[in-house]
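Here is the structure we will look at.
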Amino acid sequence: MTLPPFHLAFPVHDLDAARAFYGGLLGCPEGRSSDRWIDFDLFGHQIVAHLAERSAPGHHNPVDGHDVPVPHFGAVLSMEQWKALADRLQAAGMRFVIEPNIRFEGQPGEQATMFFLDPSGNAIEFKAMRDPANLFAR
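According to our numbering, the residues represented by the sequence shown are 205 to 342, in order.
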């Protein structure tokens, strides 16, 4: 199943830091921008970093033995893309909220996942499904 691209807007405290993080570290091509926002291409999806003075504190929910940050956003990658990104982030010294790992092992929803924060404290998850057809399996 191919899903259409999504659009997500989120707050950041510093556009230069957002540009370095999303464009530099994560490798997201930059689209349109102004002095208040920047569009990025996150694996075919449009995300928009909007300059904001403050954001609400995050919360956590327990999922498969981990405290998953809420809210969060990210992308579902191929296992190859996920491993390459995990390696790049680890080599760059990324501090993970949840280290790269496999969760729901042996279940239909088995997936590789990792969580980390951007420079403004936004939680990001990247995952890869063992079987991509099971993305929404119960």
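We put the CB at the ideal spot given by N, CA and C, even for glycine.
Note the first and the last residue of the continuous alpha helix (DSSP H) segment covering residue i.
i    : result
A221 : L219 to A222
Quick one: what does DSSP say residue i is sitting in, helix, strand or coil?
i    : result
Q285 : helix
A279 : strand
F214 : strand
N326 : coil
R296 : The residue you asked about is not Arg; residue 296 is Ala in the sequence shown. Coil.
Would you mind sorting residue i into buried or exposed? The rule is 16 or more other CB atoms within 10 Å of its CB.
i    : result
R265 : The sequence shown places Asn at residue 265, rather than the Arg named in the question. N265 should be labelled exposed.
A327 : buried
F340 : exposed
V216 : buried
G228 : exposed
G248 : exposed
P275 : exposed
S282 : exposed
Starting from residue i and walking both ways along the beta strand (DSSP E), at which residues does that stretch end?
i    : result
K315 : This sequence places Gln at residue 315; Lys is not what is there. That run of the beta strand (DSSP E) goes Q315 to L321.
L340 : The question names Leu, yet the displayed sequence has Phe at residue 340. Looking at the DSSP string, F340 is not in any beta strand (DSSP E), and its letter there is neither H nor E.
G235 : E234 to S237
Flag residue i as yes when its Cβ comes closer than 7 Å to any non-hydrogen atom of the ligand HEM, and as no otherwise.
i    : result
P266 : This structure lacks the ligand HEM; in fact it carries no ligand of any kind.
ask   = Which runs of the beta strand (DSSP E) fall wholly inside the region 239-271 and span at least 3 residues, in chain order?
value = 241-246, 249-255 and 263-267
ask   = Do three or more CB pairs link the region 304-322 to the region 263-280 at distances below 8 Å?
value = yes
request  = Take every Cβ of the region 295-303, pair it with every Cβ of the region 234-246, and state whether three or more of those distances are shorter than 8 Å.
outcome  = no
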